[in-house]
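Trainee: Just dropping this structure here.
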Amino acid sequence: MSLRLLIVVLAGLGAGWYAALPPRGPSPASRSSEAAVVRGVLHVHTSRSDGTGTVDEVAAAAARAGLDFVVFTDHGDATREPDPPAYRHGVLCIDGVEITTRDGHLVALGLPAAPYPLGGEARDAVEDVARLGGVSIAAHPGSAKGDLQWSDWSLPVSGFEWLNGDSEWRDESAWSLARALIGYPARRTETLLSTLDRPAGVLERWDRVTRGRRAMVVAGTDAHARVGLRSLGEPYDRTAAFHVPGYERMFGVFSTVLTDTTLSGDASTDAQRVIEAVRGGRTYTRVDAVANHGTLTLTAESGAAHAATGGVLPADVPVTLRAELHDPPPGVRLELLKNGVAVAGSTSARLEHAADRATGAYRVEVQAPGAPGMPPVPWIVSNPIYLGSYQDAAAMPLRPPPAAATVQYADGAATGWTIETSASALGALDVAPATRGTQLALRYALGGAESQSPYVAFVMPAGGALAAHDRLIFTGRSDRPMRLSVQLREPGGEQGRRWQRSVVLDSEARDVVVPFDELRPADEGTGPPALDRVDSVLFVVDTVHTPLGASGRIWIDEVKYGR
């Protein structure tokens with residue numbers, strides 16, 4: 022009797038386990054099955070940061086998954102010389118970086134080695150990536166983990182990750198995660214797919230951004246092949262971890278498809294083509310674990326003028342938009358959205374719509390049967406075609422010049438200036454000859470350990486005139502490219518509350534303008550500065566943007582307040 026009961030119990034458990042498994046997905050795609058499609062993944066970590074696979078191992082996994090390219094984004098400050106593009110196992114390998122900032126993580130592509138560490142505030146990292154000619158993508162902007170969320174959607178990033186493999190499991194319920202753990206050994210790709218749903222909040226924020234400027238989206242795989250045990254799933258946990266989910270399985274869930282792009286076989290040329298396609302929004306995302314065949318074409322036509330995804334046409338002329346699916350699975354639904362609002366739909370493989378002669382960003386979502394989530398994750402999400410006058414992400418508004426200025430330092434002795442340093446750093450202030458008169462020469466050396474947060478601060482008395490102005494202006498240069506933190510401080514010496522804005526200096530002297538309304542508090546939870554309480558202006562060198570052990574010189578002249 023007991024044996025019979027045991028058999029019944031085991032059979033019941035087995036039936037329950039089988040019933041809990043996600044539905045079987047399509048067979049893995051191969052590169053030969055869609056020869057004209059260039060498909061790959063972005064945001065992949067290797068053993069150089071918190072992933073487990075080497076570059077070669079990850080490339081081999083990408084080849085088995087049928088991909089054409091993979092973009093590595095190991096954590097760093099962008100000062101490491103990126104690996105040159107290379108084909109490994111027939112897969113184009115491109116080396117990018119994921120930069121940690123105060124406001125979230127930033128994926129950067131197409132960068133040379135940065136001349137100083139990138140990080141600190143996101144606005145500085147975004148500005149630096151643009152200056153260096155790269156593509157900036159806000160990573161996992163809707164993460165359920167607070168310090169991974171993107172907190173400043175006003176910054177001119179090139180784009181956003183609308184879908185992120187790490188974010189998708191973090192918003193699952195305990196029951197859903199338990200089912201995933203049970204089902205993963207039997208149906209790995211399908212289990213990963215089951216954690217996806219439509220990230221409505223991220224898509225809504227992106228749609229708001231594209232009402233004013235161009236901004237693309239991609240899907241970030243965020244593959245690590247590591248799940249920490251003590252840290253409850255964090256990939257950085259090296260002490261006790263499972264090396265799951267594997268790269269090949271992650272690469273089978275969703276991919277980025279390049280439109281109107283071909284690969285030549287030359288790694289350097291092809292890497293540039295991939296990066297420029299991503300930058301220009303000439304891509305769409307396909308959730309391959311729902312259906313791994315079928316492609317999308319989105320075009321706009323106005324007379325002899327044509328545009329595809331990422332392109333721009335005038336809005337005040339007749340424009341016809343067309344979306345077409347080639348070899349789609351049965352039961353799909355096409356939806357055309359303008360500024361995030363559906364304006365047309367079709368259950369056939371083709372959709373045509375006459376635009377309303379008003380500025381807007383038009384994009385496509387495709388729904389497919391069997392897609393998981395509440396609401397279901399779209400099978401395909403395109404980048405927009407823009408109708409009207411749209412500026413690029415790099416275009417920044419210019420401030421008018423000051424109408425009046427009050428000089429604080431120009432020529433002569435540095436009266437009242439002082440130097441503050443950490444215990445392991447050194448600083449000196451000299452009056453040096455300039456083209457006209459003299460200037461201040463500031464010397465610094467950052468020694469000690471990273472944990473000591475070494476810094477050198479050159480401190481100028483604020484004086485009573487500051488409160489009547491709205492910006493600080495000075496002429497500055499340095500012996501190498503760097504970022505200098507300009508700060509206002511309330512009474513209290515080194516413990517006084519501070520507000521900061523970092524600026525770029527190099528060997529060419531230039532006028533630097535620091536608007537007071539762009540200053541951010543050094544400590545979270547602090548409001549804007551009360552200018553009538555500020556008693557010091559600081560010029561600070563620290564390890565946020567300067568390497569540990571570095572030494573150098575900064576020259577400052579013509580310090581004044583403007584309004």
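In the working numbering, the protein residues as written are 22 to 584. Built from N, CA and C at the ideal position, the CB exists for glycine as well.
What residue range is occupied by the uninterrupted alpha helix (DSSP H) comprising VAL76?
Mentor: Walking along the sequence shown from the start, residue 76 turns up at place 55. Note, VAL76: alpha helix (DSSP H), 76–85.
Trainee: Rounded to whole angstroms, what's the CA-CA distance from GLY97 to ARG457? Just pull it up for me.
Mentor: Here residue 97 corresponds to residue number 76 of the sequence shown, with the count starting at 1. Here residue 457 corresponds to residue number 436 of the sequence shown, with the count starting at 1. Taking the straight line joining both Cα atoms gives about 42 Å.
Trainee: Comparing the C-beta of LEU317 with each C-beta of chain B, is any distance below 8 Å?
Mentor: Of the chains in the structure shown, none is chain B; there is only one protein chain.
Trainee: Please state the DSSP three-state secondary structure of MET395.
Mentor: Residue mapping note: residue 395 aligns to position 374 of the sequence shown, counting from 1. Residue state, collapsed to three classes: coil.
Trainee: Measuring CB to CB, does VAL480 end up less than 8 Å from TRP438?
Mentor: For the purposes of this step, residue 480 is identified with residue 459 of the sequence shown, where counting begins at 1. For the purposes of this step, residue 438 is identified with residue 417 of the sequence shown, where counting begins at 1. It is a contact, given that the beta carbons lie within the stated cut-off.
Trainee: Hey, out of VAL178, THR368, GLY233, ASN360, whose CA is closest to ARG300's CA?
Mentor: Counted from its first residue, the sequence shown places residue 300 at position 279. Of VAL178, THR368, GLY233, ASN360, the residue nearest in Cα terms is VAL178.
Trainee: So the candidates are VAL402, LEU559, ARG307; which of them puts its Cα closest to the Cα of PRO482?
Mentor: Taking the sequence shown and counting its residues from 1, one reaches residue 482 at position 461. Nearest of VAL402, LEU559, ARG307 to PRO482, Cα basis: LEU559.
Trainee: Using 10 angstroms around the beta-carbon of GLN521, count the other beta-carbons present and answer buried if the total reaches 16, otherwise exposed.
Mentor: By one-based count along the sequence shown, residue 521 stands at place 500. Buried is the call here.
Trainee: Could you round the C-beta distance between PHE319 and VAL230 to whole angstroms and report it? I think they count as a contact, below 8 Å.
Mentor: Locating residue 319 in the sequence shown gives position 298, counting from the first residue. Locating residue 230 in the sequence shown gives position 209, counting from the first residue. The identity of residue 319 in the sequence shown is Leu, whereas the question assumes Phe. LEU319 to VAL230, Cβ: 19 Å. No contact.
Trainee: What residues in its chain sit with their C-beta under 8 Å from that of GLY74, if we drop five residues either side in the sequence?
Mentor: The count along the sequence shown starts at 1 and reaches residue 74 at position 53. Only THR67, SER68, ALA82, ALA246, TYR268 meet the Cβ criterion.
Trainee: With burial defined as no fewer than 16 other Cβ atoms inside 10 Å of the residue's Cβ, what is the status of GLU579: buried or exposed?
Mentor: Along the sequence shown, one-based indexing puts residue 579 at 558. Counting Cβ neighbours within 10 Å, GLU579 comes out buried, since at least 16 surround it.
Trainee: Could you spell out the range, first to last residue, of the alpha helix (DSSP H) harbouring TRP520?
Mentor: As a first step, residue 520 must be located in the sequence shown, where it is residue number 499. First-last for TRP520: 519–526, but that is the beta strand (DSSP E), not the alpha helix (DSSP H).
Trainee: Just the C-alpha distance for VAL534 and LEU214, rounded to the nearest angstrom, thanks.
Mentor: As a first step, residue 534 is located in the sequence shown; it is residue number 513 there, counting from the start. As a first step, residue 214 is located in the sequence shown; it is residue number 193 there, counting from the start. Near 49 Å, if we compare the C-alpha coordinates of LEU214 and VAL534.
Trainee: Could you give the residue range of the beta strand (DSSP E) that holds ARG574?
Mentor: Looking up residue 574 in the sequence shown gives position 553. Counting along the chain, the beta strand (DSSP E) containing ARG574 begins and ends at 572–583.
Trainee: Rounded to a whole number of angstroms, what is the C-alpha to C-alpha distance between ASP95 and VAL118?
Mentor: Taking the sequence shown and counting its residues from 1, the one referred to as residue 95 is at position 74. Taking the sequence shown and counting its residues from 1, the one referred to as residue 118 is at position 97. Distance between the alpha carbons of ASP95 and VAL118: 5 Å.
Trainee: Would you mind sorting THR460 into buried or exposed? The rule is 16 or more other CB atoms within 10 Å of its CB.
Mentor: Indexing the sequence shown from 1 puts residue 460 at position 439. Per the sequence shown, residue 460 should be read as Gln rather than Thr. With 16 or more other Cβ atoms within 10 Å, it is buried.
Trainee: Measuring straight from C-alpha to C-alpha, what distance separates PRO266 and TRP576?
Mentor: Translated into the one-based positions of the sequence shown, residue 266 becomes position 245. Translated into the one-based positions of the sequence shown, residue 576 becomes position 555. Whole-angstrom Cα-Cα distance: 52 Å.
Trainee: Starting from GLU225, trace the alpha helix (DSSP H) both ways and give me its first and last residue.
Mentor: Counting from 1 along the sequence shown, the entry for residue 225 is found at position 204. That run of the alpha helix (DSSP H) goes 221–230.
Trainee: Please name the residue, chosen from SER523, ALA530, GLU511, ASP168, that lies closest to ALA462 on a Cα-to-Cα basis.
Mentor: On the sequence shown, position 441 is the one that residue 462 refers to. For ALA462, the nearest C-alpha among the options comes from ALA530.
Trainee: By a C-beta neighbour count over all protein chains shown, 10 Å radius and 16 as the cutoff for buried, is ASP71 buried or exposed?
Mentor: Against the sequence shown, residue 71 aligns to sequence position 50. So ASP71 counts as buried.
Trainee: Taking only three categories from DSSP, how would you classify VAL555?
Mentor: Walking along the sequence shown from the start, residue 555 turns up at place 534. If DSSP states are grouped into helix, strand and coil, VAL555 belongs with coil.
Trainee: With PHE272 as the anchor, note down where its beta strand (DSSP E) starts and where it stops.
Mentor: As a working note, residue 272 is residue 251 in the sequence shown. It is not in any beta strand (DSSP E) - PHE272 instead sits in the alpha helix (DSSP H) that spans 268–272.
Trainee: Put GLY167 into one of helix, strand or coil per three-state DSSP.
Mentor: Within the sequence shown, residue 167 is the residue found at index 146, counting from 1. It is helical.
Trainee: With hydrogens ignored, establish whether the beta-carbon of THR320 is closer than 7 Å to any heavy atom of the ligand HEM.
Mentor: Ligands displayed in this structure: none; no statement on the ligand HEM is therefore possible.
Trainee: Sorted by chain position, which residues of the same chain lie with C-beta nearer than 7 Å to ALA36's C-beta, five sequence neighbours on each side aside?
Mentor: Along the sequence shown, one-based indexing puts residue 36 at 15. Because the pLDDT at ALA36 is just 43, under 50, the model does not fix this residue reliably, and the value given afterwards should be weighed accordingly. Here the set comprises nothing.
Trainee: Output the boundary residues of the beta strand (DSSP E) element that contains GLN516.
Mentor: Indexing the sequence shown from 1 puts residue 516 at position 495. From DSSP, GLN516 is part of no beta strand (DSSP E); its letter is neither H nor E.
Trainee: Run the CB neighbour count on HIS327, radius 10 Å, all protein chains shown included, and call it buried at 16 or more, exposed below.
Mentor: Locating residue 327 in the sequence shown gives position 306, counting from the first residue. When all chains shown are included, HIS327 counts as exposed.
Trainee: For a test of the three-state rule: what should DSSP assign to THR212, helix, strand or coil?
Mentor: For the purposes of this step, residue 212 is identified with residue 191 of the sequence shown, where counting begins at 1. Here THR212 sits in helix by DSSP.
Trainee: Could you tell me the alpha carbon to alpha carbon distance between ALA426 and ASP145, rounded to whole angstroms?
Mentor: Residue mapping note: residue 426 aligns to position 405 of the sequence shown, counting from 1. Residue mapping note: residue 145 aligns to position 124 of the sequence shown, counting from 1. Cα to Cα, ALA426 sits roughly 26 Å from ASP145.
Trainee: Ordered along the chain, which non-local residues of its own chain (more than five positions away) have a Cβ less than 6 Å from that of ALA107?
Mentor: As a working note, residue 107 is residue 86 in the sequence shown. Within the same chain, ALA107 has close Cβ partners CYS114, ALA288.
Trainee: In chain order, what residues of the same chain have a beta carbon less than 7 Å from the beta carbon of GLY517, not counting five sequence neighbours either side?
Mentor: Residue mapping note: residue 517 aligns to position 496 of the sequence shown, counting from 1. ARG510, GLU511.
Trainee: GLU356 by DSSP, collapsed to three states: which one?
Mentor: Here residue 356 is taken as the residue at index 335 of the sequence shown, counted from 1. GLU356: strand per DSSP, three-state reduction.
Trainee: Leaving aside the five residues before and after GLU441 along the sequence, list all residues of the same chain whose C-beta is less than 7 Å from its C-beta, in chain order.
Mentor: On the sequence shown, position 420 is the one that residue 441 refers to. Cβ within range, chain order: ALA478, VAL480, GLU515.
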